[in-house]
Amino acid sequence: MSSIAIRLIPAALIVFVAMSNSWASDIYKWTDRNGVVHYTDKPAADGSSERVAIESRSTDRQRVAALNTARQDARTTAREELEAAARESSAQEQARLEEERAEQCTLYRERMQRFVQSRRLYREDEAGERVYLSDEEMQVARADVQAKIEEYCTN
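In terms of our numbering, the sequence shown is residues 1 to 155.
In C-alpha cells, the structure reads:
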C-alpha cells in the first residue's frame, strides 16, 4: 500500500462514521399486508409509514470509566474475600487434621501401653470369643502400633 492510501484510510473512516450517523437519523416503521412490522431507513412506498423518533446522546466517558472502575473494584473485593475464605477454611481444615492426628496419637500410645503391660494379647472373633495371639502375632501387633505412633505422634 502506498503512503497516500494509508493516510486516506483514517480520513475515509471518519467520513463513513459521520455519514452513518446521518443515515441512522431517520427510521420509519410500517406494517405490511400480513401484519408484519418493518423498520427501515426509507418510508414505505404507499405512505403508510410512521417516522420513529430516536434520541441519541454522546457517551459520558467519565461515567463509563467510573462504572468500570466500580465493577473492577467489586471483582477485586469479591476475589479477595474468596481467597480469605479459602485461607480461613484451609486453616480450619488444618486445625481439624491436627486434632484428629493428636487423637490418633493418644489412641495408639494407649494401645502400646496395654500391649507392653499385658502378658497375653487377644482379639475377638465373630462370636465374641477371645482368641489369644501367638508370640509372633504379638510382635507384629506391637510393631504395627509402633509404626502408627511414629506416623501420628511426630510433627
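For glycine and all other residues, C-beta sits at the position ideal for the given N, C-alpha and C.
Nearest-angstrom Cα distance between residue 85 and residue 94? 14 Å
C-alpha distance - residue 144 paired with residue 151, whole-angstrom precision: 11 Å
Quick check on residue 149: does DSSP put it in helix, strand or coil? helix
Which residues DSSP lists as bridging residue 27, in chain order: 52
Within 8 Å, strictly: CB atoms of residue 29 and residue 49: yes
In this structure, how does DSSP classify residue 124 when only helix, strand and coil are distinguished? strand
For residue 154, which beta-bridge partners are listed by DSSP? Paired residues: none, contrary to the question.
Euclidean distance between Cα positions of residue 102 and residue 138: 25 Å
Element boundaries [beta strand (DSSP E), containing residue 130]: 130 to 132
Is DSSP giving residue 37 helix, strand or coil here? strand
How would you label residue 39, buried or exposed, when you count the other beta carbons within 10 angstroms and need 16 or more for buried? exposed
I need the DSSP call for residue 59, collapsed to helix, strand or coil. coil
Have a look at residue 134 and residue 116 and give me their C-alpha separation to the nearest angstrom. If you draw a straight line from the Cα of residue 134 to the Cα of residue 116, it comes to about 15 Å.
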